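To start, the structure itself, in C-alpha cells.
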Amino acid sequence: MRLHRRYYVAVCVILCIWLAFLFVCSQWISSYDGLKTSDPVQLLWWSRSFSFNYDEVRQCGVDTCRISNKRSRLPMARGVLFYGSDMKTSDFPLPRGQQQIWALLHEESPRNVPFVPHLEFLRHFHFTSTFSRYSNMPLTTQYLPSEQALTSLEYHIPFEEKSKVYPSAQIVFLQTDCDTMSGREDYVTELMKYMQVDSFGGCLKNNDLLERQVEPFEFKLVIFMILFFSLNKDYLNNLYSPELLKFLSTYKYMIAIENAACPDYITEKFWRPLVIGVVPIYFGSPTIKDWQPNNKSAIYVNDFPNPRALAEYLTKLAKNQTEYDSYRSHKLNTQSPISNEWLLLNLAKRQYHIGDSSPGGSLFEKFECAVCRHVIHGSRSERAHSLHYDCPTKPPFAPLENQVEPVNVADWRSVLEVGQCQAKILDEFIRRNSSYNKADFAAELKKRMDENNCN
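At position 311 of the sequence shown (counting the first as 1) the number is 311 in full-length UniProt numbering, and the numbers step up by one without a gap.
Below, the structure written as C-alpha cells:
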C-alpha cells in the first residue's frame, strides 16, 4: 500500500515539474517571438528639405531601425537625426524626450551654419559625424576614393610630357565660389600677377576651352569640359569623373585652397590633385600634414610670406624634374608609395568615402546605421565636445602682400560672431526645453546684439 502511495506521489511530482517546464518554455518562446515581431527602434530625420515621404526599415548588421522623416513620429523616436546644412535656429524638436538621442551629420565648413562650431550648441548632441577626427563617425578622408587611387598611375603624366603640353601655364584653378572665409580668391588674384594661372570655373575665370589649341585626341575631352562648365552640370557628383581628371592631370600645379581653415577640414581640393599626380598648392586645415601621404606631398601656402614668394618657388620647381617629382613619391616610389601610417590606418577603418557603390554605401545610409547602433548599444551620457567640430571664431586666411587682409574677411568675422551669439541662445532655449518660434529667436538675438551681450 505504501509503495503504491509513493508511486503516485512520484508521478505527481514528475508531472508538476514537466508542466512547470512546459510553462517556462512557452513563456520564453512567447517572449522571443515578441522580440522578433516587435517594431524596430525608430529614428527621425528632423528636416524640412525632404521633398518626399521617407520611411525605411534599415538593417544595420544585427541591428534594425526604422527611419522616417514624418514629424508625427517624434514621440516614438529614440533618435533624432539632423543634417547640419539644413538646420534652422527656430526649428528644433522641443520639448525634447528624455530618452531621445540627438545625432548631427555635418560635413561642411561653418560658412553655412555659423552656430555649429560652438560648445554651447554641440553639447546637446550625443553622436556626431563631421570632418573632425574626434567625431563619432569621422569624415576627414571622405573625399579620397581609396588608397589605390593615390598610388595608381592611371592619370599620372611624366614631367617631360607636362612641360610639353603647357609650357607657360602650369597652374590650374577650378572654383565657382568667389566669397570664402579663407580669402582664396584674393590670394589667387595676387598670384596671377606673377604667374599665369588658368582659371576655368566661375571664380576669376580667365580662360575658355573654346580658345585652347588642342590636339585631335583631346577633342572629345574638350567637348565634355565645355558642357561641364558652361552648363554647370552637377559638379558635386562629378568631382572625380575620368574626363575631368584627365584634363586636370596635364598641369603641374593645382590651387587647393579650402573655403575655410578648420582642423581636419579636408576636401577634394587636396585629394584630387594627389590622385592625378598634380602637386597641390594648399591652404586650409592646420592639421593637413597629419594626413598627407608622405612628408613632402604638397606645397603649403603658409610656408611663404606672400604669393610673390610662392611664385618664385613654383617657377624654379617647374624646371627641376628631380625636385618636382619628389612631391609625387606616392606615384613614383613603387616600394613604399605611402609612408604615413596614420593615413593608412584611417583609410582602413573609416566608415564612409565617396564612390562607395555597395548597398548601404551612401553617406546618409552609413550615418543612419551608425546612429542606429549607437541608440541601441551606446550611452546616452556621451555628449559632443568642441573638438567634434573645431573651427576658429576668427577665420584664418591665406597670407597676402604687406599683410593685407582679404576683402571679405571682416564680413566673415561678423558672421561667425553672430553664430556665437546664436549658439548661446540655442543653448538656453534647448535647456529650457519648451517650444519657441522664429520671432522669439529673432527678438532674443536682436536684444543681445544691441546690448553687445554675446560673449
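By construction, the Cβ of each residue, glycine as well, lies at the ideal position given by its N, Cα and C atoms.
Treat the numbers as computed from the prediction; the structure is a model and nothing was measured.
Residues sharing a beta bridge with residue i, DSSP
i, result
"residue 254", "172, 280"
"residue 321", "None; residue 321 has no bridge partner."
"residue 239", "Answer is none; residue 239 lacks a bridge partner."
"residue 492", "Summary: the structure shown does not reach residue 492, with the chain confined to residues 1 through 455, and so no result is reported for it."
"residue 300", "282"
"residue 198", "172"
"residue 64", "59"
"residue 353", "Paired residue(s): none; residue 353 is not in a bridge."
Whether residue i touches residue j by CB criterion (8 Å)
i, j, result
"residue 58", "residue 42", "no"
"residue 131", "residue 104", "no"
"residue 324", "residue 299", "no"
"residue 348", "residue 129", "no"
"residue 171", "residue 195", "yes"
"residue 201", "residue 398", "no"
"residue 127", "residue 374", "yes"
"residue 263", "residue 241", "no"
"residue 293", "residue 310", "no"
"residue 458", "residue 173", "An answer regarding residue 458 cannot be provided, because it is not within the stretch 1 to 455 covered by the chain."
"residue 440", "residue 121", "no"
"residue 260", "residue 111", "yes"
"residue 457", "residue 81", "Only positions 1 to 455 of the chain appear in the structure, and residue 457 is not among them; the question remains open."
"residue 385", "residue 153", "no"
"residue 484", "residue 389", "A query on residue 484 cannot be resolved here, the shown segment of the chain reaching from 1 to 455 and no further."
"residue 191", "residue 307", "yes"
"residue 383", "residue 123", "yes"
"residue 372", "residue 60", "yes"
"residue 446", "residue 90", "no"
"residue 265", "residue 135", "no"
"residue 343", "residue 291", "yes"
Residue i to residue j span [Cα, whole Å]
i, j, result
"residue 204", "residue 142", "28 Å"
"residue 63", "residue 155", "41 Å"
"residue 380", "residue 149", "39 Å"
"residue 321", "residue 256", "22 Å"
"residue 316", "residue 400", "21 Å"
"residue 115", "residue 248", "36 Å"
"residue 302", "residue 181", "16 Å"
"residue 529", "residue 199", "The structure shown does not extend to residue 529, since the chain is modelled only from 1 to 455, so the question has no answer here."
"residue 133", "residue 72", "35 Å"
"residue 366", "residue 193", "45 Å"
"residue 418", "residue 350", "34 Å"
"residue 420", "residue 378", "30 Å"
"residue 206", "residue 85", "31 Å"
"residue 39", "residue 54", "17 Å"
"residue 48", "residue 187", "37 Å"
"residue 423", "residue 252", "43 Å"
"residue 364", "residue 354", "12 Å"
"residue 250", "residue 147", "22 Å"
"residue 139", "residue 436", "33 Å"
"residue 239", "residue 268", "8 Å"
"residue 34", "residue 56", "Annotation note: pLDDT 35 at residue 34 (below 50); position unreliable, no value reported."
"residue 405", "residue 416", "17 Å"
DSSP-derived helix/strand/coil call for residue i
i, result
"residue 384", "coil"
"residue 150", "helix"
"residue 101", "strand"
"residue 54", "coil"
"residue 128", "strand"
"residue 377", "helix"
"residue 106", "strand"
"residue 367", "helix"
"residue 177", "coil"
"residue 118", "coil"
"residue 92", "coil"
"residue 449", "helix"
"residue 334", "coil"
"residue 347", "helix"
"residue 264", "coil"
"residue 36", "For residue 36, the pLDDT reaches just 43, beneath the cut-off of 50, and the residue's location in the model is therefore unreliable, leaving the point undetermined."
"residue 326", "helix"
"residue 440", "helix"
"residue 211", "Its pLDDT being 47, under 50, residue 211 is placed unreliably in this model, and the value from its coordinates should be taken loosely. Looking at residue 211 - three-state DSSP - the assignment turns out to be helix."
"residue 205", "coil"
"residue 295", "coil"
"residue 249", "coil"
"residue 123", "coil"
Residue i: CB within 7 Å of a non-hydrogen atom of the ligand GTP
i, result
"residue 418", "Among the components of this structure there are no ligands whatsoever, and the ligand GTP is therefore not found."
Item to check | Three CB pairs or more closer than 8 Å across the segment 142 to 159 and the segment 394 to 411 | outcome: no
Next on the checklist: For the pair the segment 325 to 334 and the segment 272 to 288, tell me if three or more CB-CB distances fall below 8 Å.
Outcome noted: yes
Checklist entry - Does the segment 44 to 58 come within contact of the segment 68 to 76, defined as at least 3 CB pairs closer than 8 Å? => result yes
Checklist entry - Hey, is the segment 352 to 361 in contact with the segment 83 to 99, meaning 3+ C-beta pairs nearer than 8 Å? => result Between the segment 352 to 361 and the segment 83 to 99, the count of C-beta pairs closer than 8 Å stays below three; the two stretches do not touch.
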